[in-house]
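Chains as they are written, first to last, in my numbering: chain A, 1 to 199; chain B, 1001 to 1199.
Glycine residues also receive a C-beta, built at the ideal position from the N, C-alpha and C atoms.
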């Protein structure tokens, strides 16, 4: 393939997730032709992410200080902890504007096939937070797939005996979706979770 | 969205061609979690590409010196010049091992809709090469699409009166392909370009 610096760049770009050899080549030629200042901004952002971004000591969310902005916010309720798999799930929930409690980021889900067990997730730090005494309810918002469900079940088993209220996000039809195109599992969940129209 | 360094990185990655907001976010989290040395190799490759890679003074191919490796190679015939749109086309042709002449990279194709005319391509430097006197045949290997065909027609119009042989790569069925799935234009070309079985 290409020799020298261009070949090195294509190889490095091709290591990134979702970037195949063709995309890596296209990106490398784009960057070769791009303004030096654009490339400088990209490399500087990369350096700053590696130097400055870390994980919040309390909740595990991405942060540029020991505690993330949400954990430092006094107006956020400490009574509710929403457990998610990844930092990007925090962002998705924040966008709804519906939740004013705090978060706990597990860093993944239990997945025996990939060798990820409870000890590989931030479950121990969740337990110490719960022992702090302020929490009343744990909202488990892991993904609605096999791994997420297994993680939710495991957490509920662990936390319920400690006397906390444990809830799980509702499954059902996506708003704005079309009933006809819903898969059977989702539709089944929507039936079993049906609510009174008055409520 | 994300603040600070992570947000900056997501934004910079999202400016790259073929990388949407979701991919930019996934890439940024991957790079955040990646080894520092991996990210260092990527940024260093980026810097080296910007510092060291330039275009060959003769043919316009990518090069780390004034003249690219192909133009410096004395064993390559100067009698044949293969005209392509982009440096990656040179690589594609080199992989076939079929061509031992030299190249000329136009840097694109004539595209009136995007305001790219003959003056935006490296056509003037092609003309000076042809006046050098060594060339006998110009093989036009621009893409087999509207812009590539227009560029080929324009070049042929310019170069044929100067007494050079001008050829165009054959169009037809891709080898290993299935006749049934060929589009009608390709199939039409395959008919009009049919050859004696003996040849």
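Restricting attention to 33/A, 69/A, 50/A, the CA atom closest to the CA of residue 56/A is found in 69/A. Per the coordinates, the alpha-carbon of residue 1103/B lies some 7 Å from the alpha-carbon of residue 1084/B. Going by C-alpha positions, residue 140/A is about 37 Å away from residue 1040/B.
Among the residues facing chain A, residue 1009/B is included, as its CB has a counterpart in that chain under 7 Å away. Contact annotation, residue 49/A with residue 1024/B: C-beta distance approximately 12 Å; criterion of less than 8 Å not satisfied. Remark: C-beta atoms of residue 1052/B and residue 1064/B approach each other more closely than 7 Å. Put simply, the CB of residue 1048/B is near chain A, with a gap under 7 Å to one of its CB atoms. Within the same chain, Cβ atoms closer than 8 Å to the Cβ of residue 13/A are found at 19, 23, 24, 27, 28, the five residues on either side in sequence being excluded. In the three-state reduction of the DSSP assignment, residue 54/A falls in the strand class. If one requires a minimum length of 3 residues, the beta strand (DSSP E) runs lying completely within the region 146-194 of chain A are 165-168, in chain order. A distance below 8 Å between beta-carbons, with the five flanking residues on each side excluded, links residue 77/A to the following residues of its chain, in chain order: 100, 101, 102.
Here residue 21/A is not near residue 61/A, since their CB atoms are 7 Å or more apart.
In the structure shown, residue 1126/B falls within a helical segment according to DSSP collapsed to helix, strand and coil.
Scanning chain A for C-beta atoms nearer than 9 Å to the C-beta of residue 1128/B yields nothing, as the closest lies near 23 Å away.
When 7 Å is used as the limit between beta carbons, residue 133/A is near no residue of chain B, the shortest such separation being about 31 Å.
Of all alpha-carbon atoms in 1164/B, 1109/B, 1118/B, the one lying nearest the alpha-carbon of residue 1142/B is that of 1109/B. Around the beta carbon of residue 36/A, a 10 Å sphere encloses fewer than 16 other beta carbons of the protein chains shown; the residue is thus reported as exposed. Judged by DSSP secondary structure, residue 1081/B falls within the beta strand (DSSP E) whose first and last residues are 1080-1084.
Chain-order list of chain A residues neighbouring residue 1029/B: 62, 86, 87, 88, by C-beta distance under 9 Å. Sixteen is the threshold: when 16 or more other Cβ atoms of the shown chains lie within 10 Å of the Cβ of residue 1129/B, as they do, the residue is buried. Chain order gives the chain A residues near residue 1017/B as 26, 27, 30, where near means a beta carbon separation below 8 Å.
Excluding its 5 nearest sequence neighbours in each direction, residue 170/A has C-beta neighbours in its own chain below 7 Å: 193, listed in chain order. With 16 or more other Cβ atoms inside 10 Å of its own Cβ, residue 155/A counts as buried. Residue 1137/B and residue 1145/B have their C-alpha atoms spaced approximately 22 Å apart.
Between residue 126/A and residue 107/A, the C-beta gap is not smaller than 7 Å, which leaves the two residues out of contact.
Judged by their CB atoms, residue 1159/B and residue 1166/B are nearer to each other than the 7 Å cut-off.
In the structure shown, residue 46/A adopts helical secondary structure according to DSSP, grouped into three states.
Using a CB distance cut-off of 7 Å, residue 1121/B does not count as an interface residue toward chain A.
Every unbroken stretch of the alpha helix (DSSP H) spanning 4 or more residues and falling wholly within the region 67-117 of chain A is given here in chain order: 69-72, 87-96. Non-local beta-carbon contacts of residue 1066/B in its own chain, meaning distances under 7 Å to residues more than five positions away in sequence, involve 1057 in chain order.
With 16 or more other CB atoms across the displayed protein chains lying within 10 angstroms of its CB, residue 1045/B is buried. One finds 1012 in chain B with Cβ atoms closer than 7 Å to the Cβ of residue 41/A, taken in chain order. If you look at residue 138/A, you'll find it in the beta strand (DSSP E) that goes 137-140. Within the DSSP secondary-structure output, residue 1065/B pairs in no beta bridge. Assigned with DSSP and collapsed to three states, residue 1035/B falls in coil, not helix or strand.
In chain A, no part has a C-beta under 8 Å from the C-beta of residue 1106/B; the shortest such distance is about 14 Å.
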